[in-house]
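A.B. asks:
Number of protein chains: 4
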Amino acid sequence: MSDVKKVVLAYSGGLDTSVIVKWLQETYNCEVVTFTADIGQGEEVEPARAKAQALGVKEIYIEDLREEFVRDYVFPMFRANTIYEGEYLLGTSIARPLIAKRLIEIANETGADAISHGATGKGNDQVRFELGGYALKPGVKVIAPWREWDLTSREKLMAYCEEHNIPVDFSNKKKKSPYSMDANLLHISYEGGILEDPWAEAEEDMWRWSVSPEAAPEQPTYVELTFEKGDIVAIDGEALKAHEVLEKLNKLGGDNGIGRLDIVENRYVGMKSRGCYETPGGTIMLRAHRAIESLTLDREEAHLKDQLMPKYAEVIYNGYWWSPERRMLQAAIDETQKNVSGVVRMKLYKGNATVVGRKSEQSLFDESIATFEDDAGAYNQKDAEGFIKLNALRLRIAAGKGRQQS
Amino acid sequence: MSDVKKVVLAYSGGLDTSVIVKWLQETYNCEVVTFTADIGQGEEVEPARAKAQALGVKEIYIEDLREEFVRDYVFPMFRANTIYEGEYLLGTSIARPLIAKRLIEIANETGADAISHGATGKGNDQVRFELGGYALKPGVKVIAPWREWDLTSREKLMAYCEEHNIPVDFSNKKKKSPYSMDANLLHISYEGGILEDPWAEAEEDMWRWSVSPEAAPEQPTYVELTFEKGDIVAIDGEALKAHEVLEKLNKLGGDNGIGRLDIVENRYVGMKSRGCYETPGGTIMLRAHRAIESLTLDREEAHLKDQLMPKYAEVIYNGYWWSPERRMLQAAIDETQKNVSGVVRMKLYKGNATVVGRKSEQSLFDESIATFEDDAGAYNQKDAEGFIKLNALRLRIAAGKGRQQS
Amino acid sequence: MSDVKKVVLAYSGGLDTSVIVKWLQETYNCEVVTFTADIGQGEEVEPARAKAQALGVKEIYIEDLREEFVRDYVFPMFRANTIYEGEYLLGTSIARPLIAKRLIEIANETGADAISHGATGKGNDQVRFELGGYALKPGVKVIAPWREWDLTSREKLMAYCEEHNIPVDFSNKKKKSPYSMDANLLHISYEGGILEDPWAEAEEDMWRWSVSPEAAPEQPTYVELTFEKGDIVAIDGEALKAHEVLEKLNKLGGDNGIGRLDIVENRYVGMKSRGCYETPGGTIMLRAHRAIESLTLDREEAHLKDQLMPKYAEVIYNGYWWSPERRMLQAAIDETQKNVSGVVRMKLYKGNATVVGRKSEQSLFDESIATFEDDAGAYNQKDAEGFIKLNALRLRIAAGKGRQQS
Amino acid sequence: MSDVKKVVLAYSGGLDTSVIVKWLQETYNCEVVTFTADIGQGEEVEPARAKAQALGVKEIYIEDLREEFVRDYVFPMFRANTIYEGEYLLGTSIARPLIAKRLIEIANETGADAISHGATGKGNDQVRFELGGYALKPGVKVIAPWREWDLTSREKLMAYCEEHNIPVDFSNKKKKSPYSMDANLLHISYEGGILEDPWAEAEEDMWRWSVSPEAAPEQPTYVELTFEKGDIVAIDGEALKAHEVLEKLNKLGGDNGIGRLDIVENRYVGMKSRGCYETPGGTIMLRAHRAIESLTLDREEAHLKDQLMPKYAEVIYNGYWWSPERRMLQAAIDETQKNVSGVVRMKLYKGNATVVGRKSEQSLFDESIATFEDDAGAYNQKDAEGFIKLNALRLRIAAGKGRQQS
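Protein chains in written order, with the numbering used here: chain A, 1 to 406; chain B, 1001 to 1406; chain C, 2001 to 2406; chain D, 3001 to 3406.
This is the structure:
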């Protein structure tokens, strides 16, 4: 294990990754570079500096990646109306490629030969970090302490801290949650605890980002979202940067009880797990994006997008953002978004994010043809007969030859 | 036009199809057989008998098809979690194949050589009726009066009624709605009127089947749905027939403000149209079905179902229920449903249908493996390294050879 | 019919389209512009000028579109390894979008309000011409004489010629073939005659572009094809323009008995038809393209291309080249071709086009890993255990819970 | 390693698996059960009995699985026209599920707790054997000696033999080939040696099952293949069992130089490899199956099959025969084969397997409609106008609103 000289660690500043700093130094006898990013998890990142310094870290990276995260990862993903397994908005999955990319870039800058992360050996995140790492720097060494060490219980971790003088108050700042949580600008997730029984209802006090529908205001909130080429660029007429859009929608959604989700999902590593998620802004955004597409996309490209989406979602969920197949799918998706511009009006009320209007200068909705009233010849109803007759021809021939008909 | 001897008409008992009876008799000098079905549209069908008799119809079919409709059409469709264009639950589309089938069966029974319907030349329903008709009886003659006649305005229709002594009070029973509506056990739809402006919000008094979320009870309703092989067979432990399931879920959903939808959709005949829908029971059912599948389906079959679903939805929307491709897709879907059994617990509250628990004797959720706690060796975290390494191999080789990496 | 002032006709110079010139002048009392293109059909196009002049045409377009045809239509299509229904290389389909585009461009240049073509009402070509026309000029009037006139037999056509002084020697230049044929640089096709019986073997003297395998040389021909970004740019080291590539491959293939095909296909208008095709160059090109991709494409993008290909083929076959869905698919396909460069060596021998070698500077083939000999640690065989274990996990859990296993 | 009591080994009787017998006995101190199957590899299996006995094996299974192999694995796969990466007929892949199934059944019969095989850690076969094993007996222990032992060179293997008195003449029966080969009724494969250079042409004396096209007879052979529900049941009118069909077609194909393939493929474990294959009967069968489908399948089910095929091929190639997704796809495929019956006539000549005729009582080819001659009203050409107009509508609306047109 002596061949690692320097390792870049995705460092949250919390207890677990602090233990990892020390464990890496000891086990690999190597230098540790910490990397802490603000991707909207809702906690200060600056305090990680002092903690890292206290652990003897000399190269400390602390960065605000919120805009890049939303602009280059969240928004492109939402252009595809991406949902995993019919429900999940991929809040955790989409943050990993950016972290992986920065880990590698920092490794290249600092001359590190390894990267490390605090994800367990049972989950998807290890896969996402490591696939990203290997794709961007094929010779990198990846160290996944949770798959290597024997600190497999909280007791052992605490003993390790005591033994190595790692200040345990790290973990006492807030009451230890019974849940395993992860957060970024797109969502906060909960796993473990009573959620391990899929029949058990999540407790109300678990949720952190949204009020319950019951507790939401009695009056609906209306909001207008302006799209340009598939991305939201303004809310109620105010131009916003990508991450500001999501921050504002999270506030609006959370206040109105929108975006809670409770599912059982299939992990890439092979087992089912139960997770709860709050994605207030994303839930609004998905609905709104579909609405602006409903006006501006051609039918066949829309249907093709829908057919490709589950694959695209799987690619991202499984950790293949930095892959040729993701780029290929993205090229197809982005090709369709050139005209996905306009305004969607939504009503937010007690858990409901409802589209109530949509308009666009690129609209393909043609009132003169769609109308039930006189269309002044814009559409010739007699055309329908030939259309139906030829579409029926193969079915008629088959039936005429005695084929199964029902 | 003298070659039609007898035509079976899909007859609602309303003004339009009553005019069609007379118009067919006159124009084709043929006998008309009426067929009126209760598929849960919420109106009495028996009154259609007297009206048909008054128009001189001798062969009158009035049938209760509610159970067949839900059991053989709605339920099979829901096994696929079918949604058209990300939003629409296909409430109108799924009723047409059954009507088409009965029209043809009645034509065969009565020796009729033609069928007729009251759908316009601009919509999807003409396609669905006629494709079904042709697929089941390839030599049938289809008469679509709205594509043929010149009664293109309400004034002309009324004049025709007066001229032919068709009692116009037919239409006065209820105040004429400004919307074009269609209903069956799965949904009620609204088109036309102010909805032809996609920016205009639907008026509250348009909606007929559900209260608004605002008007729904302050207390949530919890309900347990029991699935067997993909279909709901009991609600809160009470065994129900297929149509009773949907009736009960419609009541529960409608009372709690669930299932309203407002979309712009792409018609098969080529234009976009705006429609509003209420699908209270279906909305609950879809969520619940996904939840029971989340426990009982294998990951890869679930993902494959999701990839096939948009095509399956398109097939049904476009009117190809009676086609080889629908049967082929159905065979794949039904193959997956053998173990989709268990119970889903849902919370209904002011527009929200939320899954809060799911359990199944066929569950593939394995607590011993999924747990974040000690799993006693059920899962070997070290396996993950090899898993990731080999999955990364192609990416590493590419990166090692200088390929684009991001 | 008086509303057409000027019509652009796709004019071959043959008897049928000459009749159409006259019929359009007479029936629509309009001016006719003729457009004749060399797309490699193997007949002189210049003689069409005199014929058109003799018919009173004043605006005559005669163009050599061979390079544009291959470069902008054939090559992009081959990047997807496009085959319709497992066999057909789409030789006719791919020529239509270019003709449609030029018809519309000429209509715009000459102020014409209509276009016309000589395709029948039973085939795919009418659809391809007209979809292209409508997509590029939505208000254009399309005149399809074969769907309108009553010249439904050869006798009636000849009578019309005599009546209108159309020189019938037009058709006598070569002995009238019993087959309906179409040719361009990519292929020549045969339909009709004895081919209407799918059990009947095509007669040897039908084939025009290739010798039979029996008659081909006893010695194989080896050829090296150089690809750049998915397209062939040189043969045996000689740089060639797109159409020169195809001309040369047609010669090589035809001489060696390569590229004959005899199939029953499904037309877009609903019936099956039997066609024979000679695609000598295309057959070589398809094989070679797959071979260079086998070295240079990532596995997952290759598989995704294969999954999209049948849809892409259908889009082109059905006439939707000028559609958003084709552009969307093309964007995905082209994204993958950046590194599809290198050389493929092929052996041509009596009907066989066999790949015998391939090399590329962008090759992802890694001898050090692929070898059965000692790989010096490039690949750790122990990784395979974890890879298999986690991939098997979902199957093991299911089997452990008593699910169907075989 | 003391926890294995009895292991069932896939035993070829060759040197490598003989070493494995001894190594298992020694390393795991366990009983070894050998299983040797005739799946048409072209070598006697009975001699394996004496060899196993000499190694001290008490439970010896030797079985003729040829019919089961072709009937239950090869034929179902061919119903889908299955090809991996555009070229490969999956000859190796399709044999593994049957071997895995018998290994597990024998383990259950003999009370063994483990299975073992002689596949390396670099290839696909280990994955296929082990996924099958785990899927059918989730608690089984799998021993893959090539991933465990240190006999990593031929020298070490020979030393091991000498040390353990394993008769080395096992390997001298035939001159050691420079290639790694695998054979069964569907194909024989070659890897390694000079093939590790993708630019090098395979040597003529490598090929074992077919003559070269050059050496094939100067006269073509015609053959008629009778299909029932997608499978070949007779050749030239003679009813044959499944494996007899393939044996006969292998003979016919091999004699006529048919079925050689030389490709670079993507392994599931992540690298590219170069392989050569001879699949004489399969190559004929694939072509013939497509031909009978071309007459008897509906267009849309045919296209859907083509879209699903690459996924189905991937599932089999990757080793997931015993999976829910394979069963799901098979259900769809088999649903389409009910009417795939009839006769295909083929011409075999110097490497070419050409379809020259096809007929079926279930044919959907309708001469009366397809004809270019007068069809007596079977098809109304005027229907095409409406068909095209409505299919063009979305394109026209888009163009009318100024959208990109080309």
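All C-beta atoms in this analysis are idealised placements derived from N, C-alpha and C, irrespective of residue type, glycine included.
#1: Between the segment 2348 to 2358 of chain C and the segment 3262 to 3273 of chain D, are three or more C-beta pairs nearer than 8 Å?
#2: With DSSP as the reference, identify every bridge partner of Lys3272(D), one or two as the case may be.
#3: Where are the alpha helix (DSSP H) runs, 4 residues long or more, that stay fully inside the segment 1064 to 1124 of chain B, in chain order?
#4: Suppose you measure from the CA of Glu203(A) to the CA of Asp197(A); what does that come to, to the nearest Å?
#5: Could you check whether Leu3393(D) and Met1271(B) sit closer than 8 Å to each other, using their CB atoms as the reference points?
#6: Using a Cβ-Cβ cut-off of less than 9 Å, list which residues of the segment 372 to 387 of chain A approach chain D; keep chain order.
#7: Could you give the DSSP three-state label for Asp1205(B): helix, strand or coil?
#8: Closest by CA to Lys1350(B), which one among Leu55(A), Leu151(A) and Pro220(A)?
#9: According to the neighbour-count rule (16 or more other Cβ atoms, all chains shown, within 10 Å of its Cβ), is Ala2376(C) buried or exposed?
#10: Within this structure, are the beta carbons of Gly118(A) and Ala288(A) separated by less than 8 Å?
#11: Sort Leu98(A), Asp236(A) and Tyr73(A) by Cα distance to Gln330(A) and report the nearest one.
#12: Use the C-beta contact count for Gly2091(C): other C-beta atoms within 10 angstroms, 16 or more gives buried, fewer gives exposed.
#13: Going by DSSP, what residue range makes up the beta strand (DSSP E) through Lys3347(D)?
#14: Give me, in chain order, the residues of the same chain whose beta-carbon lies closer than 6 Å to that of Ala1216(B); leave out the 5 immediate sequence neighbours on both sides.
#15: Just list the residues that DSSP pairs Arg2358(C) with in beta bridges.
#16: Using a beta-carbon distance below 8 Å, is Pro3145(D) in contact with chain B?
#17: Please classify Ser3362(D) as buried or exposed, where buried requires at least 16 neighbouring CB atoms within 10 angstroms.
#18: Could you name the residues of chain C that Lys1251(B) contacts, counting a contact when the two beta carbons are closer than 7 Å?
#19: Would a check of beta-carbon distances place Arg3326(D) closer than 8 Å to chain C?
#20: Output yes or no for whether 8 Å exceeds the beta carbon distance between Gly133(A) and Val140(A).
#21: Please name the residues in the segment 49 to 83 of chain A whose beta-carbon is closer than 8 Å to at least one beta-carbon of chain D, in chain order.
#22: Once DSSP output is grouped into helix, strand and coil, what is the label at Tyr1277(B)?
#23: Return yes when the Cβ of Glu3314(D) is within less than 8 Å of the Cβ of His2187(C), no when it is not.
#24: For the alpha helix (DSSP H) that contains Tyr3160(D), what are its first and last residues?
#25: For the segment 3341 to 3353 of chain D, which residues have a CB atom closer than 7 Å to at least one CB atom of chain A, in sequence order?
#26: Can you give the beta carbon distance from Val45(A) to His243(A), rounded, assuming they're within the 8 Å contact cut?
#27: Going along chain C, which residues have a C-beta under 8 Å from Arg403(A)?
#28: Reducing DSSP to helix, strand and coil, say where Asn352(A) ends up.
#29: With 7 Å as the limit, tell me which residues of the segment 3290 to 3310 of chain D have their beta carbon closer than that to any beta carbon of chain C; keep them in chain order.
#30: Does DSSP put Glu2046(C) in a helix, a strand or coil?
#31: Output the distance between the C-alpha atoms of Arg128(A) and Asn1391(B), rounded to the nearest integer angstrom.
#32: Please look up how many angstroms separate the CB atoms of Lys1382(B) and Gly2237(C), rounded, as I've assumed it's under 8 Å.
#33: Pick out the complete beta strand (DSSP E) segments inside the segment 6 to 31 of chain A, 3 residues or longer, and give them in chain order.
#34: Going along chain C, which residues have a C-beta under 8 Å from Asp3016(D)?
#35: Using CA coordinates, which residue listed in Gln3025(D), Leu3015(D) and Lys3137(D) is at the minimum distance from Arg2403(C)?
#36: Give a yes or no on whether the C-beta atoms belonging to Ser3018(D) and Lys3051(D) are separated by under 8 Å.
C.D. replies: By the coordinates alone:
#1: yes
#2: For the purposes of this step, residue 3272(D) is taken as the residue at position 272 of the fourth sequence. Lys3272(D) pairs with Asn3266(D).
#3: 1066 to 1069, 1075 to 1078 and 1096 to 1110
#4: The residue labelled residue 203(A) in the question sits at position 203 within the first sequence. The residue labelled residue 197(A) in the question sits at position 197 within the first sequence. When rounded, the distance between both Cα atoms is 12 Å.
#5: Against the second sequence, residue 1271(B) aligns to sequence position 271. Against the fourth sequence, residue 3393(D) aligns to sequence position 393. Yes, the Cβ-Cβ distance between Met1271(B) and Leu3393(D) is below 8 Å.
#6: Tyr379, Asn380, Lys382, Asp383, Ala384, Glu385, Gly386 and Phe387
#7: Taking the first residue of the second sequence as 1, we reach residue 1205(B) at position 205. Asp1205(B): helix per DSSP, three-state reduction.
#8: In the second sequence, residue 1350(B) corresponds to position 350, counting from 1. Of the candidates Leu55(A), Leu151(A) and Pro220(A), the one whose C-alpha sits nearest the C-alpha of Lys1350(B) is Pro220(A).
#9: One-based indexing of the third sequence puts residue 2376(C) at position 376. It is exposed - the Cβ of Ala2376(C) has fewer than 16 other Cβ atoms within 10 Å.
#10: Translated into the one-based positions of the first sequence, residue 118(A) becomes position 118. Translated into the one-based positions of the first sequence, residue 288(A) becomes position 288. No, these two residues do not count as a Cβ contact at 8 Å.
#11: Within the first sequence, residue 330(A) is the residue found at index 330, counting from 1. When only C-alpha atoms are compared, the closest one is Tyr73(A).
#12: The residue labelled residue 2091(C) in the question sits at position 91 within the third sequence. Under this definition Gly2091(C) is a buried residue.
#13: The sequence position of residue 3347(D) within the fourth sequence is 347, counting from 1. Unbroken beta strand (DSSP E) run through Lys3347(D): Gly3342 to Tyr3349.
#14: Here the question's residue 1216(B) lines up with position 216 in the second sequence. So the qualifying residues of the chain are Asn1256, Gly1257 and Lys1350.
#15: If you number the third sequence from 1, residue 2358(C) lands on position 358. Its beta-bridge partners are Val2344(C).
#16: Locating residue 3145(D) in the fourth sequence gives position 145, where the first residue counts as 1. Cβ-Cβ to chain B under 8 Å: no for Pro3145(D).
#17: The residue labelled residue 3362(D) in the question sits at position 362 within the fourth sequence. Going by the sequence as given, residue 3362(D) is Gln instead of Ser. Classification for Gln3362(D): buried.
#18: Position 251 of the second sequence holds residue 1251(B). Result: empty, since nearest Cβ-Cβ is about 36 Å, beyond 7 Å.
#19: By one-based count along the fourth sequence, residue 3326(D) stands at place 326. For Arg3326(D), the answer is no, since every Cβ of chain C falls outside 8 Å of its Cβ.
#20: Reading the first sequence from its first residue, position 133 is the one you call residue 133(A). Reading the first sequence from its first residue, position 140 is the one you call residue 140(A). Yes. Within cutoff.
#21: none
#22: Counted from its first residue, the second sequence places residue 1277(B) at position 277. Of the three classes helix, strand and coil, the one that applies to Tyr1277(B) here is strand, per DSSP.
#23: Numbered from its first residue, the third sequence carries residue 2187(C) at position 187. Numbered from its first residue, the fourth sequence carries residue 3314(D) at position 314. No, these two residues do not count as a Cβ contact at 8 Å.
#24: The sequence position of residue 3160(D) within the fourth sequence is 160, counting from 1. Looking at the DSSP string, the run of the alpha helix (DSSP H) that includes Tyr3160(D) is Arg3154 to Glu3163.
#25: none
#26: For the purposes of this step, residue 45(A) is taken as the residue at position 45 of the first sequence. For the purposes of this step, residue 243(A) is taken as the residue at position 243 of the first sequence. That pair is no contact at about 14 Å.
#27: One-based indexing of the first sequence puts residue 403(A) at position 403. Chain C residues near Arg403(A): none, gap ~14 Å exceeds 8 Å.
#28: Within the first sequence, the letter at position 352 stands for residue 352(A). DSSP places Asn352(A) in strand when its eight states are reduced to three.
#29: Arg3290, Ser3294, Leu3295, Arg3299, Ala3302, His3303, Asp3306, Gln3307 and Pro3310
#30: Working through the third sequence from its first residue, we reach residue 2046(C) at position 46. Coil, per DSSP.
#31: Numbered from its first residue, the first sequence carries residue 128(A) at position 128. Numbered from its first residue, the second sequence carries residue 1391(B) at position 391. Between Arg128(A) and Asn1391(B), the C-alpha separation is close to 11 Å.
#32: Taking the first residue of the second sequence as 1, we reach residue 1382(B) at position 382. Taking the first residue of the third sequence as 1, we reach residue 2237(C) at position 237. In fact, because the Cβ distance is near 52 Å, the residues do not count as touching under 8 Å.
#33: 6 to 10
#34: Taking the first residue of the fourth sequence as position 1, residue 3016(D) is located at position 16. Correct list: empty, because the minimum Cβ distance to chain C is about 12 Å.
#35: Stepping through the third sequence from its first residue, residue 2403(C) is reached at position 403. Per the Cα distances, Lys3137(D).
#36: Your numbering for residue 3018(D) matches position 18 in the fourth sequence. Your numbering for residue 3051(D) matches position 51 in the fourth sequence. In contact: Ser3018(D) and Lys3051(D) (Cβ atoms closer than 8 Å).
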